[in-house]
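Engineer:
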């Protein structure tokens, strides 16, 4: 179904579920970009290349989170305009945001290459991993523009209630990524550089593909010449939402980057275990993030329409789905952690599997924490209070980084202290976010 969903009328639970299912599938396919790299690299190239790809993934998530945050903030603004039925303002905002975020994408692309060696030193990459890390990044940085294109037009389509088309392009590009990974690594023997090339080509397939779809099949979203003008008031409104959302995303991923640096200090085996564990972990809880994104679109449309009653109904319906899914996923991950790790590394790598399973079991028991936090981020973003999302991120990531460094330094915990710090950070932010929301009603 490609029909746009209107969240201002009809069954809320049904529409949130219909909207979130393609988001979930899309997120899973998007995660496959790096999961496939990790799987094939870990199986066929060894632990040092696997550690390099895992660390590079964390870095790329940080860099692209700036762009994704900006597109998410713009998407909320599009949703509000859509809920208000204000087509003129929406089209002007499309024009202004595309130019602004596109220019920043080019800047980030250049900066990434210029400071490559400084990045390697900052992330404490071990000597036996550094060459693989460098080879991977030299290619993967070239996909930054593709990441912008896909996420921008996906946010635009989702803002008007269409989550299926972005999924279609992700499926095609993910399958292309898998085929090219096998070709470049197993046939052409290009190592980690081949894995990066496969990912970049697939990213451009999705980015350029969704751009062409919007240009040729969504004439209603095209910006006519009369709307192609700069409006300072619209730029300020978009900036308030987008910059704070981007700040929230980048703070979150910078904290994760700091944690990655701490993990790297424990050596190649721990790096490899963490690289595989994070991929499994992200795949497991990404549907919770997608519930949050669907929830955000529903809240934003009803916020634009001024319907407080439906906003409350959206909160209740989404909370039930998030809690149910989180509990189910936690049981599965906890029970099958060693088996899941064995997909990424040979069963003979018993130490790597044991460390990764320990990480997964600590995280897997606490997915309800990230589920609630995703809802809080989405809610405050949708009601034009993105500053609260920044506060929640600082609370979550700040406590995580502090606890990770403090606990891991104690002989009692070691690297397990890093794993424990993550759900504790979620819990601290959840308590404050819920308290603030209830107090503000």
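Numbering (my numbering), first residue to last: -2 to 438.
Glycine is no exception: its CB is placed at the ideal position from the N, C-alpha and C atoms.
1) Might you give, ordered along the chain, the residues of its own chain that have their beta carbon closer than 7 Å to the beta carbon of residue 23, omitting 5 neighbours on each side?
2) How would you write the range of the alpha helix (DSSP H) that residue 157 sits in, first residue to last?
3) Using three-state DSSP, classify residue 342 as helix, strand or coil.
4) Does the beta-carbon of residue 201, which I'm using as the reference point, lie nearer than 7 Å to any heavy atom of the ligand ATP?
5) For residue 176, count the other beta carbons within 10 Å of its own beta carbon; 16 or more makes it buried, fewer makes it exposed. Which is it?
6) Does the stretch 236 to 251 touch the stretch 299 to 318, meaning 3 or more C-beta pairs lie closer than 8 Å?
7) In three-state DSSP terms, what is residue 306?
8) Would residue 298 be called buried (16 or more neighbouring beta carbons within 10 Å of its own) or exposed?
9) Taking the Cβ atom as the reference point for each residue, do residue 392 and residue 429 lie within a distance shorter than 8 Å?
10) Round the Cβ separation of residue 74 and residue 259 to the nearest angstrom and send it over; I've been treating them as touching at under 8 Å.
11) Expressed to the nearest angstrom, what Euclidean distance is found between the alpha-carbon atoms of residue 72 and residue 325?
12) Measuring CB atoms only, is the stretch 326 to 343 touching the stretch 292 to 307, in the sense that at least three cross pairs come out at less than 8 Å?
13) Of all the options 318, 222, 40 and 337, which has the alpha carbon lying nearest to the alpha carbon of residue 278?
14) Quick one: what does DSSP say residue 336 is sitting in, helix, strand or coil?
15) Please state whether the Cβ-Cβ distance between residue 412 and residue 189 is less than 8 Å.
16) For residue 76 versus residue 156, is the C-beta spacing smaller than 8 Å?
17) Quick check on the DSSP output: what are the complete alpha helix (DSSP H) runs of length 4 or more inside the stretch 40 to 123, in order along the chain?
18) Go ahead and pull the three-state DSSP assignment for residue -2.
19) Going by Cα to Cα distance, which pick from 293, 435, 284 and 251 is closest to residue 61?
20) Please state the DSSP three-state secondary structure of residue 390.
21) Does the beta-carbon of residue 9 have 16 or more other beta-carbons within 10 angstroms, so that it is buried, or is it exposed?
22) Is residue 188 helix, strand or coil when you go by DSSP?
23) Between the beta-carbon of residue 205 and the beta-carbon of residue 146, is there less than 8 Å?
24) Quick check on the burial criterion: 16 or more other C-beta atoms within 10 angstroms. Buried or exposed for residue 20?
25) In whole angstroms, give me the CA-to-CA distance for residue 222 and residue 212.
26) Would you call the CB atoms of residue 323 and residue 285 closer than 8 Å?
27) Mapping DSSP to helix, strand and coil, what is residue 428?
28) Among 130, 196, 113 and 210, which residue has its Cα nearest to the Cα of residue 151?
29) Using the three-state DSSP reduction, which class does residue 228 fall into: helix, strand or coil?
30) Let me confirm a value: residue 360 is counted as buried when at least 16 other C-beta atoms fall within 10 Å, else exposed. Which label applies?
31) What number of angstroms, rounded off, separates the C-alpha of residue 142 from the C-alpha of residue 149?
32) Does the structure place the stretch 364 to 380 close enough to the stretch 415 to 423 that three or more beta carbon pairs sit under 8 Å?
33) Would residue 66 and residue 242 be called neighbours here (beta carbons separated by less than 8 Å)?
34) Within 10 Å of its beta-carbon, does residue 345 have 16 or more other beta-carbons around it, so buried, or fewer, so exposed?
35) Alpha carbon to alpha carbon, how far is residue 126 from residue 271?
36) Suppose you measure from the CA of residue 183 to the CA of residue 191; what does that come to, to the nearest Å?
Structural biologist: The structure says:
1) 163, 164 and 167
2) First-last for residue 157: undefined, no H or E at that position.
3) coil
4) Because no ligand of any kind appears in the structure shown, any question about the ligand ATP cannot be addressed here.
5) exposed
6) no
7) helix
8) buried
9) yes
10) No, residue 74 and residue 259 are not in contact; Cβ-Cβ is about 37 Å, not under 8 Å.
11) 30 Å
12) no
13) 337
14) helix
15) no
16) yes
17) 44 to 81, 84 to 111 and 113 to 119
18) Low confidence applies to residue -2: its pLDDT is 42, below 50, so where it sits in the model is not reliable, and the reading given next is rough at best. Coil at residue -2, not helix or strand.
19) 251
20) helix
21) buried
22) helix
23) yes
24) buried
25) 14 Å
26) yes
27) helix
28) 210
29) coil
30) buried
31) 11 Å
32) yes
33) yes
34) exposed
35) 15 Å
36) 9 Å
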